């Protein structure tokens, strides 16, 4: 009987074919990974913009309830004016120590911005918190933002106030009888709300309170290399500014640029 031998199967890939496929996959990965990274950053940037807009919304709620006042950026331990002295007394009694009361803690105290707290540096930001930027890799905490529940609040955004000549900046410091520190500013003091900065992201010291030394933007939060920063204005709209346009368009003095910090800029 004659039997035939079936032909041997052809190899699935030759070495050359395997190298070609591997090369193609490597090229595709090199092309797609940056695109995916950019898409991911765009998503984080959208969350950041939403955070800033919501923070401004809470500020408007505060102003509606307090005769157009802008929430103080900070209440010091030696504040003598009411009701701010009582606010500080209540806060320190709850916190268990003598700390300055910053914007986010004041808003938490009044219920406008329920502020989750963390126990240590490097802890993951609490879910749902609008005061942290998803593009910030390390979230710093310090006694400057000690909360009312025994932990630390997270504030990745700059607040447009100052520890010097406090009345020149919207989020003022309530301190003592020093000129310009006995009462908060008002929305009625805002000359051009579409140009005046309220909150912004970018490199800051841990306390995130603007002054003329700490607010120079040298390493924008969003994007690699020559990235940029988000900011929200007093009319409630959010802007994204690229670096170095930040330094060209954001002004610190009385001569107003496209966006500015001082209340008296024109």
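Residue numbers (this note's numbering): 690 to 955.
All residues carry an ideal CB built from backbone N, CA and C; glycine is no exception.
Since the structure is predicted, the reported quantities are computational estimates derived from the model, not experimental observations.
Beta strand (DSSP E) segment containing residue 918, residue limits:
Element bounds for residue 918: 917–922.
Please decide whether residue 815 counts as near chain C, where near means a Cβ-Cβ distance under 8 Å.
The displayed structure is made up of one protein chain only, and chain C is not part of it.
Helix, strand or coil for residue 807? Go by DSSP, reduced to three states.
Note: residue 807 maps to strand in three-state DSSP.
Any chance the stretch 832–842 sits against the stretch 919–929, with 3 or more Cβ pairs inside 8 Å?
Segments in contact, no.
Are the Cβ atoms of residue 888 and residue 750 separated by less than 8 Å?
Going by C-beta atoms, residue 888 is not nearer than 8 Å to residue 750.
So, for residue 805: in the same chain, excluding its five sequence neighbours on each side, which residues have a beta-carbon less than 6 Å away from its beta-carbon?
For residue 805, where only same-chain residues beyond five positions count, the Cβ hits under 6 Å are 815 and 818.
Is residue 748 buried or exposed, if buried means 16 or more other CB atoms sit within 10 Å of its CB?
When all chains shown are included, residue 748 counts as buried.
Residue 955 and residue 863 - do their beta-carbons sit closer together than 8 Å?
Cβ atoms of residue 863 and residue 955: not closer than 8 Å.
Please name the residue or residues paired with residue 817 in a DSSP beta bridge.
Note: residue 817 is not bridge-paired with any residue in the DSSP secondary-structure output.
Please state whether the Cβ-Cβ distance between residue 823 and residue 760 is less than 8 Å.
No. Outside cutoff.
For a quick check, are the C-beta atoms of residue 820 and residue 744 less than 8 Å apart?
In terms of Cβ geometry, residue 820 and residue 744 form a close pair [threshold 8 Å].
Looking at residue 876: is its Cβ nearer than 8 Å to the Cβ of residue 793?
It is not a contact, given that the beta carbons lie outside the stated cut-off.
Residue 713 classed as buried or exposed, judged by whether at least 16 other C-beta atoms fall within 10 angstroms:
Its Cβ having fewer than 16 others within 10 Å, residue 713 is exposed.
Among the residues of its own chain, which have a CB less than 7 Å from the CB of residue 882, if the five just before and after it don't count?
Closer than 7 Å at Cβ, skipping near neighbours: 922, 923 and 924.
Please list, in chain order, all residues of the same chain as residue 1024 whose beta carbon is under 6 Å from its beta carbon, the five residues on each side excluded.
Any question about residue 1024 goes unanswered here, given that the chain covers just 690 to 955.
Answer with buried or exposed for residue 710, where buried requires no fewer than 16 other C-beta atoms within 10 angstroms of its C-beta.
So residue 710 counts as exposed.
What do you reckon, are the CB atoms on residue 879 and residue 840 nearer than 8 Å?
Cβ distance not < 8 Å, so residue 879 and residue 840 don't count as in contact.
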